[in-house]
Amino acid sequence: MSPLKYLQGYPAQLQEQIRKLIAEQRLGDYLAQRYSGKHSVQSDKALYAYIVALKQEHLRNAPAIDKVLFDNRLDLTHRALGLHTAISRVQGGKLKAKKEIRVASLFKEAAPEFLQMIVVHELAHLKEAEHNKAFYKLCEHMLPGYHQLEFDLRVYLTWRELPKGAAP
606 MSPLKYLQGY
616 PAQLQEQIRK
626 LIAEQRLGDY
636 LAQRYSGKHS
646 VQSDKALYAY
656 IVALKQEHLR
666 NAPAIDKVLF
676 DNRLDLTHRA
686 LGLHTAISRV
696 QGGKLKAKKE
706 IRVASLFKEA
716 APEFLQMIVV
726 HELAHLKEAE
736 HNKAFYKLCE
746 HMLPGYHQLE
756 FDLRVYLTWR
766 ELPKGAAP
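Heads up, our numbering is the position in the sequence shown plus 605, with the first residue counted as 1.
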């Protein structure tokens, strides 16, 4: 029984269902059936507009976002699909904090639901720094069905790493 590194925190029964789909070479079909679309957010400028629109809809009082970009250096080896940072700089006699959100470039090709899930996750960090109950409650508020999308994203990452012969 090989470990499913993206699904280790999930119950053994769910992991076994995914293993079965992999063994039957049906995992790609499962994902294609649930998430068949492609989004049109392909540039950093479009990503900025997308994130700001979601922020305005759900987090009007959160700090402004200064920089947004697709980052090809973010990848699974760093265990980061998105990143939020606050960079502090001294300008004159004042300390200025710049908020940045970076999204892994692999989401340029992913389903729109997965991009939205990552963006909601990073936006939630503007209000809640830790992955605690309040954080996930905020994610679920901004994106109903967040937990299912997070699970399916982990399944998608598992599928992406399958050997070419096992991936449909």
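Backbone N, C-alpha and C define an ideal beta-carbon position, used for all residues, glycine too.
- One Cα belongs to glutamate 621, the other to arginine 759, and the distance between them is close to 14 Å.
- Rounded to whole angstroms, arginine 624 and phenylalanine 675 show a C-alpha spacing of 31 Å.
- Assignment of alpha helix (DSSP H) within the stretch 635-683, counting only whole runs of 4 or more residues, yields 649-663 in chain order.
- Remark: fewer than three beta-carbon pairs, one from each stretch, lie closer than 8 Å, so the stretch 737-745 and the stretch 666-675 are not flagged as touching.
- The beta carbons of glutamate 718 and leucine 754 sit about 6 Å from each other, so the pair counts as a contact at 8 Å.
- Under the DSSP assignment, lysine 732 falls outside any beta strand (DSSP E), being part of the alpha helix (DSSP H) whose first and last residues are 717-732.
- Taking all protein chains in view, the Cβ of alanine 715 is crowded by 16 or more other Cβ atoms within 10 Å, so the residue is classified as buried.
- Taking 8 Å as the cut-off, the beta carbon of phenylalanine 756 is found no closer than this to the beta carbon of tyrosine 640.
- Nearest to lysine 643 by C-alpha distance, out of Glu705, Ile627, Lys701, Leu720, is Leu720.
- By the beta-carbon neighbour count (other beta carbons within 10 angstroms, threshold 16), lysine 672 is exposed.
- Glutamine 661 and serine 648 have their C-alpha atoms roughly 20 Å apart.
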